[in-house]
Amino acid sequence: MSEHLIDAIDDVLPQTQCRQCGYDGCRNYAWAIAMGEAPINRCAPGGQKGIEALAQVTGKPVLALDPEYGHEVPLEVSHINPDMCIGCRKCVPVCPTNAIVGAPKRLHAVITEWCTGCALCVITCPVDCIQMQPAPFDWSHERAMQARQRYRDKLQREKRRQSERESRLNAQSAQDKKKALLADILARVKK
Numbered sequence: 001m002s003e004h005l006i007d008a009i010d011d012v013l014p015q016t017q018c019r020q021c022g023y024d025g026c027r028n029y030a031w032a033i034a035m036g037e038a039p040i041n042r043c044a045p046g047g048q049k050g051i052e053a054l055a056q057v058t059g060k061p062v063l064a065l066d067p068e069y070g071h072e073v074p075l076e077v078s079h080i081n082p083d084m085c086i087g088c089r090k091c092v093p094v095c096p097t098n099a100i101v102g103a104p105k106r107l108h109a110v111i112t113e114w115c116t117g118c119a120l121c122v123i124t125c126p127v128d129c130i131q132m133q134p135a136p137f138d139w140s141h142e143r144a145m146q147a148r149q150r151y152r153d154k155l156q157r158e159k160r161r162q163s164e165r166e167s168r169l170n171a172q173s174a175q176d177k178k179k180a181l182l183a184d185i186l187a188r189v190k191k
């Protein structure tokens, strides 16, 4: 298994990061295909054309889309009904490309051009204010590569935030230990 094969497979996937294939993102699905752990026919957003491209890259036979993983449908993007949005922000962390913007307890909106149509936000919305609507554009390889970059950027930001959070907790823990040690010393001196 080579990194080159994983890259080649990842390049033909639609980069919607929808998880319909059963993997956490297109790169993980590409890895599973390259490792022989997943067939090439689980990507509903890629549809039959995507399966044919995967077959060409992998040398595997063309298969029909596995209906257990979805059906080929025209591209749709998320739209938030402004009259229903309560600003809970549950949709924001699940969006793979940061296409949803808004402040806590305020109206949220979708940057349509960034939306991949993954519908993960629809599933998490507690008030059903998000609907899928026909996309005003066609999905292209260029859009897929832009979506992949936004997804990777988001993952990097999350990793950096987690690291900063851990550093703060470790610093706080060290301060607490120093305070406890000082309190112990002072208590012994007072005896």
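Sequential numbering from 1 applies to the sequence shown in full-length UniProt numbering. Note that CB positions come from ideal geometry on N, CA and C, so glycine has one too.
In angstroms with no decimal places, state the Cα-to-Cα distance between residue i and residue j.
i, j, result
"PRO96", "ILE185", "51 Å"
"ARG148", "VAL73", "21 Å"
"CYS18", "ILE40", "16 Å"
"GLU142", "CYS88", "32 Å"
Please classify residue i as buried or exposed, where buried requires at least 16 other C-beta atoms within 10 Å of its C-beta.
i, result
"VAL189", "exposed"
"LEU169", "exposed"
"ASP10", "buried"
"SER140", "exposed"
"GLN48", "exposed"
"PRO136", "exposed"
"GLN175", "exposed"
"VAL77", "buried"
Hey, residue i and residue j: beta-carbon distance below 8 Å or not?
i, j, result
"ALA44", "GLY22", "no"
"GLY59", "VAL12", "no"
Which of helix, strand or coil does DSSP assign to residue i?
i, result
"ILE80", "strand"
"MET145", "helix"
"ALA109", "strand"
"GLN162", "helix"
message: Below 8 Å, how does it come out for the region 153–170 and the region 110–129: are there three or more Cβ pairs, yes or no?
response: No contact exists between the region 153–170 and the region 110–129.
message: Three or more C-beta pairs under 8 Å: does that hold for the region 61–68 against the region 78–96?
response: no
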